[in-house]
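Step one of this worksheet: look at the structure below.
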Amino acid sequence: MPPTSSDPDSSGIEVTPQSQSDKRSRLQQPLIALAVLIAVMVFSAVAGWRYANEQGSRLIATEQESGVYSNIRIYEISEANRLEMNKEDFYSKIKDTLYAINQQIKSQSISMTVYYQSVDQTLNYTFALESRCDRKQLVMAIYHWRIDTTQLNNLLLRETRRKLSEMEVCS
1 MPPTSSDPDS SGIEVTPQSQ SDKRSRLQQP LIALAVLIAV MVFSAVAGWR YANEQGSRLI
61 ATEQESGVYS NIRIYEISEA NRLEMNKEDF YSKIKDTLYA INQQIKSQSI SMTVYYQSVD
121 QTLNYTFALE SRCDRKQLVM AIYHWRIDTT QLNNLLLRET RRKLSEMEVC S
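The numbering of the sequence shown is the UniProt record's numbering, which starts it at 1 and goes up by one.
Put into structure tokens, the structure is as follows:
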């Protein structure tokens, strides 16, 4: 008589046919593990992104002295969470130079945008000049800029005039 599912075979091992539910459970286990892994990865990515946005230093550009100059716009670059009392009064140091530059570029129909950021003893100063037919830009890192305001103003005026002289004349 051949061995049946309930009769042990000649070696004493019981043979049973594999059920469909056992096959399904073996296929579902890797899929469940994969779904859990994907869920953990998505959760980690979202948590990391939120942490970086909330805790990381974000820079913002704030327009300074809006409307004072007809052809110059000035922006201070600072960290979003910086206290108001820690802000640098850079504008008061260079306002006369900006007035002279504004008079010159107004007569040439040129607009100027200034971005600055003070980090420790360094002033990061960028300006862009734009006319109907040309654009020029200069980026400077000025070290120990607070020591001599006259030298700072002379540097800014000289470099701005140099870039102005490089611009094409619109016809």
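Virtual Cβ for every residue (Gly too), placed ideally from N, Cα, C.
What do you get for residue i, buried or exposed, if any count of 16 or more other CB atoms within 10 angstroms of its CB means buried?
{"i": "Tyr116", "result": "buried"}
{"i": "Tyr125", "result": "buried"}
{"i": "Val36", "result": "exposed"}
{"i": "Ser44", "result": "exposed"}
{"i": "Ser118", "result": "buried"}
{"i": "Trp145", "result": "buried"}
{"i": "Tyr51", "result": "exposed"}
{"i": "Thr160", "result": "buried"}
{"i": "Leu27", "result": "exposed"}
{"i": "Leu98", "result": "buried"}
Looking only at its chain, what residues have a beta carbon closer than 6 angstroms to the beta carbon of residue i, apart from the 5 residues adjacent to it on each side?
{"i": "Ile110", "result": "Leu129, Ser131"}
{"i": "Tyr91", "result": "Gln64, Glu65"}
{"i": "Ser93", "result": "The displayed chain sequence assigns Lys, not Ser, to residue 93. Only Thr149 meet the Cβ criterion."}
{"i": "Glu168", "result": "Cys133, Asp134"}
{"i": "Tyr75", "result": "Ala61, Glu63, Tyr115"}
{"i": "Val139", "result": "Thr126"}
{"i": "Arg73", "result": "Thr113"}
Could you spell out the range, first to last residue, of the alpha helix (DSSP H) harbouring residue i?
{"i": "Ser107", "result": "90 to 107"}
{"i": "Gln151", "result": "149 to 166"}
Suppose the cutoff is 8 angstroms on Cβ atoms and the five residues either side in sequence are ignored; what does the same chain contact list for residue i look like?
{"i": "Ala100", "result": "Leu157"}
Tell me, please, whether the CB atom of residue i is closer than 8 angstroms to any CB atom in chain B?
{"i": "Lys106", "result": "Among the chains of the structure shown, chain B does not appear; only one protein chain is present."}
Once the 5 residues before and after residue i are set aside, which same chain residues still bring their CB inside 7 angstroms of it?
{"i": "Asn71", "result": "Asn102, Ile105, Lys106, Ile110, Ser111, Met112"}
{"i": "Tyr143", "result": "Gln121, Thr122"}
{"i": "Met85", "result": "Because the pLDDT of Met85 is 49, which lies under 50, any placement of that residue in the model is unreliable, and the number read from its coordinates should be weighed accordingly. Result list for Met85: empty, nothing under 7 angstroms."}
Return the first residue and the last residue of the beta strand (DSSP E) that residue i is part of.
{"i": "Tyr125", "result": "122 to 130"}
{"i": "Val119", "result": "111 to 119"}
{"i": "Tyr143", "result": "135 to 143"}
Per DSSP, what are the beta-bridge partners of residue i in this structure?
{"i": "Ala61", "result": "Ile77"}
{"i": "Ile72", "result": "Met112"}
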